[in-house]
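K.L.:
Take this structure first; my questions come after.
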Amino acid sequence: MKNIFVKKSFLYTIFIVFMLVSCKKEIEKISDTIKDTTSSITETEEAEKDSVKKDSVIQKESMPPAMQEDGFYNAFIFPKDKKLKDSLFGIFNKKYTEKERYAIYALNRLDAKNKWNADTLVVPAKIDTTLMEYSPFPMQLDVLSPVKKFVVFSYPIQAYGVYSNGTLVKWGPTSMGKKAAKTKTGLTFANWKKKLAISTVSSEWKLPYNFNIFNTDGIGWHQYDLPGYPASHSCLRLLLKDAQWLYGYADTWVLNPGGATTKAKGTAVLVYGDYGWGKRKPWRKLLNDPNANSVSVEEMTKMIEPNIEKILKEQDNREKVVDSIKAAKAILEQMPEDPKTQAP
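Our numbering puts the first residue of the sequence shown at 4, with every later residue one more than the last.
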C-alpha cells in the first residue's frame with residue numbers, strides 16, 4: 004500500500020514539473036511574439052517617418068529654388084554664377100510685368116540699371132505698382148494738417164515721403180550720401196531747380212531734374228543711379244519718374260531784386276537720422292516682419308513738432324510774397340502801353 008502511495012506521489016510531482024516547464028515555454032513564446040509585434044510596429048513607424056522625411060525633401064526640392072515664400076513678403080534669391088543669375092532674371096522677367104518689376108526694384112532701393120547688384124530681392128506677395136500699400140511712412144499726420152506741402156527724407160530706411168495737408172501723397176526710394184560724404188540732416192527748404200544740372204564734383208555727371216535744398220553745400224535731390232545702398236556724394240538720388248514728379252510738386256524760393264537775398268523760402272524739407280552702416284539692409288528685414296521699416300505717427304510727430312512753427316511761418320510769408328507779386332503783375336498788365344511817337 005505504501006509503495007502504491009509513493010508511486011502516485013512521484014507521478015504527481017513529475018506531472019507538476021512538466022506543467023511548469025510547459026507554462027514557462029508558453030510564456031516565453033508569448034513574450035517573443037509580443038517583442039516581434041512591437042519590433043514590427045516600431046519598424047513600420049520608422050519606415051513611415053522616413054517616408055514622410057523623404058516626401059518632404061522631395062516636395063521642398065520640387066519648389067522653384069529662386070523663390071522662398073514666407074508670407075506678406077517673399078525672397079527672390081539669385082546665385083553668384085552669372086549664367087544662372089541671367090537665367091533666373093529671365094524667369095523673374097516672365098513672372099512680373101514691367102510695372103511690377105519697377106515697383107519691386109523700388110522697394111529694394113534699386114533702379115533697372117542696377118538690378119544686377121541684387122543677390123536677393125524682397126518681393127511682396129501682392130504687387131501694388133503705386134507702392135502706397137508698402138509705405139513705411141504714416142498715411143496721415145495731424146501735425147502736418149495746416150502744412151500744404153512737406154517732403155521728408157529718411158536716412159535709416161533710404162526713402163522719401165511727400166505730405167499735402169497731413170496726407171501722404173507719394174513715397175519712394177532714395178540713395179543718400181555714402182559714409183564718407185553723408186547727407187546733411189535737419190529742417191531745410193527747397194531753393195532753386197534746374198532740369199539738367201552738372202555736378203560740381205565731376206562735369207561728366209549729369210543730374211536731371213535737380214532741386215537744391217542746401218544751397219551753400221550744393222546738396223539737392225535729382226535723378227541718378229540707385230544701387231541699393233547709400234552711394235551719393237551727399238545728394239539725394241531718385242528714380243527718374245520721382246525726380247520729375249518732385250520737380251513739378253515742390254515750390255522754389257523767391258529772391259529779392261538782384262538775387263542776393265531770399266524773400267521767401269520754398270517747400271519745407273526734413274532730412275533725418277542715419278543709416279545702419281555695415282548692418283543688414285532695412286528692407287531685407289521685411290521678410291521677417293512686414294512692419295520692420297514702418298515709421299510711427301509718434302516718431303514722425305516728435306521730429307516735426309519742434310519745427311512746425313517755423314514751417315508755418317515760412318509758408319505764410321511765401322503766400323504773402325506770391326500774392327503781392329501776382330497783384331503787382333496784374334496792375335502792370337492793366338496799365339496802358341506807352342503812346343507810340345508818330346513820325347511827322
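Here a beta-carbon is modelled for each residue, glycine too, at the ideal position from N, C-alpha and C.
Considering only the alpha carbon of each residue, which of Arg112, Phe75 and Trp119 lies closest to Phe95?
P.N.:
Residue mapping note: residue 95 aligns to position 92 of the sequence shown, counting from 1. Among Arg112, Phe75 and Trp119, the Cα nearest to that of Phe95 belongs to Trp119.
K.L.:
Looking only at C-alpha atoms, which of Leu87, Ala331 and Ile314 sits nearest to Lys151?
P.N.:
The residue given as residue 151 occupies position 148 in the sequence shown. Closest option to Lys151, Cα to Cα, is Ile314.
K.L.:
Spatial neighbours of Tyr108 within its chain, please: CB distance less than 7 Å, with the 5 preceding and 5 following residues excluded, ordered by chain position.
P.N.:
As a working mapping, residue 108 is identified with position 105 in the sequence shown. For Tyr108, where only same-chain residues beyond five positions count, the Cβ hits under 7 Å are Asp114, Ala115 and Lys118.
K.L.:
Could you name the residues of the same chain whose beta carbon sits closer than 7 Å to that of Trp286, not counting the 5 residues immediately before and after it, in chain order?
P.N.:
Taking the first residue of the sequence shown as 1, we reach residue 286 at position 283. These residues qualify, in order along the chain: Leu110, Asn111, Arg112, Val125 and Asn296.
K.L.:
Suppose the cutoff is 8 Å on Cβ atoms and the five residues either side in sequence are ignored; what does the same chain contact list for Thr264 look like?
P.N.:
In the sequence shown, counting from the first residue as 1, residue 264 sits at position 261. Leu258.
K.L.:
Within 10 Å of its beta-carbon, does Trp280 have 16 or more other beta-carbons around it, so buried, or fewer, so exposed?
P.N.:
Counting from one through the sequence shown, the residue named residue 280 turns up at place 277. Looking at its Cβ environment, which holds fewer than 16 other Cβ atoms inside 10 Å, Trp280 is exposed.
K.L.:
Taking 9 Å as the cut-off, decide whether the C-beta atoms of Thr188 and Arg240 are in contact.
P.N.:
For the purposes of this step, residue 188 is taken as the residue at position 185 of the sequence shown. For the purposes of this step, residue 240 is taken as the residue at position 237 of the sequence shown. Result no, Cβ atoms of Thr188 and Arg240 do not sit closer than 9 Å.
K.L.:
What distance in whole Å lies between the Cβ atoms of Pro141 and Val300, which are believed to be in contact at a cut-off of 8 Å?
P.N.:
Taking the sequence shown and counting its residues from 1, one reaches residue 300 at position 297. Taking the sequence shown and counting its residues from 1, one reaches residue 141 at position 138. Right, their Cβ atoms sit about 5 Å apart.
K.L.:
Quick one: measure Cβ to Cβ for Tyr76 and Leu289, integer angstroms, because I've assumed they're closer than 8 Å.
P.N.:
Reading the sequence shown from its first residue, position 73 is the one you call residue 76. Reading the sequence shown from its first residue, position 286 is the one you call residue 289. So it is a contact: roughly 5 Å between Cβ atoms.
K.L.:
Tell me which same chain residues have a C-beta within less than 8 Å of the C-beta of Tyr201, skipping the five on either side of it?
P.N.:
Mapped onto the sequence shown, residue 201 falls at position 198. Per the sequence shown, residue 201 should be read as Ile rather than Tyr. Excluding sequence neighbours, Ile201 sits near Trp208, Lys209 and Leu210.
K.L.:
For Ala331, does the count of other Cβ atoms within 10 angstroms reach 16, so buried, or fall short, so exposed?
P.N.:
Stepping through the sequence shown from its first residue, residue 331 is reached at position 328. The residue in question, Ala331, is exposed, as its Cβ has fewer than 16 Cβ neighbours within 10 Å.
K.L.:
Out of Lys86, Asp254 and Ser167, which has the shortest C-alpha to C-alpha gap to Gln143?
P.N.:
Residue numbering aside, residue 143 sits at position 140 when the sequence shown is read from its first letter. Among Lys86, Asp254 and Ser167, the Cα nearest to that of Gln143 is on Ser167.
K.L.:
Let me know if Thr219 comes out buried or exposed under the rule of 16 or more other beta-carbons within 10 Å of its beta-carbon.
P.N.:
On the sequence shown, position 216 is the one that residue 219 refers to. The residue is exposed, with fewer than 16 neighbouring Cβ atoms inside 10 Å.
K.L.:
Which runs of the beta strand (DSSP E) spanning at least 3 residues fall entirely within the stretch 145 to 196, listed in chain order?
P.N.:
Counting only runs of 3 or more, we get 153 to 157, 162 to 167, 170 to 176 and 189 to 192.
K.L.:
By DSSP, does Pro139 sit in helix, in strand, or in coil?
P.N.:
As a first step, residue 139 is located in the sequence shown; it is residue number 136 there, counting from the start. Looking at Pro139 - three-state DSSP - the assignment turns out to be coil, as it is neither helix nor strand.
K.L.:
Leaving out five residues on either side along the sequence, give the residues of the same chain with a beta carbon under 6 Å from the beta carbon of Thr123.
P.N.:
Numbered from 1 along the sequence shown, position 120 holds the residue referred to as residue 123. Cβ within range, chain order: Ala78 and Ile80.
K.L.:
For Leu110, which three-state DSSP category applies?
P.N.:
Start at 1 with the first residue of the sequence shown, and residue 110 comes out as number 107. Residue state, collapsed to three classes: helix.
K.L.:
Checking 9 Å against the spacing of the C-beta atoms, do Ala333 and Thr255 come in under that value?
P.N.:
For the purposes of this step, residue 333 is taken as residue 330 along the sequence shown, with counting starting at 1. For the purposes of this step, residue 255 is taken as residue 252 along the sequence shown, with counting starting at 1. No. Outside cutoff.
K.L.:
Look up Ser202 in the DSSP assignment and say whether it is helix, strand or coil.
P.N.:
Residue 202 sits at position 199 when you count from the first residue of the sequence shown. Coil.
K.L.:
State the beta-bridge partners of Gly223 as determined by DSSP.
P.N.:
Translated into positions along the sequence shown, residue 223 becomes position 220. Paired residues: Asn215.
K.L.:
Comparing C-alpha positions only, which one of Pro139, Thr186, Thr270 and Gly261 sits nearest to Glu322?
P.N.:
As a first step, residue 322 must be located in the sequence shown, where it is residue number 319. That would be Thr270, whose Cα lies nearest to the Cα of Glu322.
K.L.:
For Ala271, report the span of its alpha helix (DSSP H) as first-last.
P.N.:
The count along the sequence shown starts at 1 and reaches residue 271 at position 268. Run containing Ala271: none in the alpha helix (DSSP H); it sits in the beta strand (DSSP E), Ala271 to Tyr275.
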